[in-house]
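If you're matching positions, the sequence shown starts at 1 in my numbering and goes up one per residue.
No residue lacks a Cβ here, since even glycine has one placed at the ideal position from N, Cα and C.
The structure displayed is predicted, hence computed values, not measured ones.
Notes follow the structure.
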Amino acid sequence: MLNILLRNSILSGLIILFSACQQRTETTALDSTREVKGHFVAFSDLDAWEREEHDAVLTLFREQCGASKMADVLRPLCPSAEHAQNAKAFFEANFVPFLLKDEAGEETLLTGYYEPEFEGSLHADDDYPSPLYKRPKDLLVVDSGRVYDDLKHHKLRGRLEDRRVLPYYSRQEINGGAIKETPLCYMKSDVDRFFLQVQGSGRIVLEDNSTMLVGYDGQNGHPYRSIGKALVASGAIDQEKISLASIRRWLNEHPMEAKGVLESNPSFVFFDRRQRAASGAMGMELTALRSVAVDRSKIPLGYPLFLSAVNPVTGERMERMVLAQDTGGAIKGQVRADLFCGHGKEAEKLAGALRSPLKLYVLVPKITSSSSSIR
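Rendered as structure tokens:
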């Protein structure tokens, strides 16, 4: 009996030890300046991997090989991708899944965004009072990364005044008329403009029924402050009811307070005209349910990822491969992604409701995965 108890005790200890080893945090480099924490797993550990539409993702991977902002470490795989006959085999032969671990204070969250449509005019009047600005000519970008390696992914923005570089104008200052530029167009309200800035691209239907495609063309350098969190903190909207729809509804129903709420977020996005539909930070047209925005200081553009979350509209699991093709001011942390949901009412519905706990894997090229270490 004693031998049996001893054997079972040793076996239990080995199981615990093995499990602990399996979960030990590793650090792996995604390029020469970015490392992520987590641990390597097998493709068989990815739920729904066998059911994935690998061909569709491989096609998108091939397309992004022509983008100048695609991570250099991925480029050696482009010839193989171009000639691959079996998409699933291509990914399994060239990548290793790495389950990302959230760091202290970071959200593990999947949200959504979409390409919205708004009414606009080329002329300002009482119906269209809110200017949509191009990136101002006096907006400076200070690229400190050229001197300091640790600031490579942190560009400062400002303006020159009396030979001094000062912070660029905040949202409140811009609303007060600080920018002296000819706008691209005028929108019906500051609420419409704010939601366009949150999405990063959109369609403006002008008075002659023509459509102007616009996309992100820079930001004023001020930190993004979530007005959703501010509305929850003030008790204006309950935490369980917060969504793009509930925020918009509250702002429209409280016009006197809306200005102050919007200006509590000092970040301000500038736009330029586009020749094609929604495009991301890579300069490529985004693909519904396949393109995600990530924290570029953590994950380089172009990387394939595998996400596991819940679709709030259907209640079903959402497990699929995506590509890191965009960035966003509110996307901070390595286990954080913003899924592009497309264009139209269904896309708006999903994007507005999507706020799911996230399990996120990055597919690390085998040529870089050997640089991992255990901590």
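Our two residues, L166 and I179, have alpha carbons roughly 15 Å apart in a direct line.
As summarised for the segment 203-267, the continuous beta strand (DSSP E) elements at least 3 residues long and confined to that stretch are 211-219, given in chain order. Listed as beta-bridge partners of S201 by DSSP are G215. In terms of Cα proximity to R317, the closest of S308, N220 and C65 is S308.
The alpha carbon of V141 has as its nearest neighbour, out of Y128, L160, D126 and L132, the alpha carbon of L160. In this structure, the alpha-carbon of L46 lies about 8 Å from that of F306. In this structure, G38 keeps its C-beta atom at 8 Å or more from the C-beta atom of L354.
From the listed residues M284, E319, R75 and G329, the smallest Cα separation to V294 is found for G329. Contact between the segment 236-247 and the segment 273-285 is absent, with fewer than three C-beta pairs closer than 8 Å. Note on geometry: alpha-carbon atoms of Y224 and N86 lie some 42 Å from one another.
When secondary structure is reduced to three states using DSSP, H83 falls in the helix class. Nearest neighbour of P136 by Cα position, chosen from F271, F91 and P304, turns out to be F271. Under DSSP, S279 takes part in a beta bridge, and its partners are E285. Around the beta-carbon of D190, 16 or more other beta-carbon atoms lie within 10 Å, marking it buried. Note on geometry: alpha-carbon atoms of G352 and R163 lie some 44 Å from one another. With a cut-off of 8 Å on Cβ pairs, the segment 101-111 is in contact with the segment 327-342, counting three or more such pairs.
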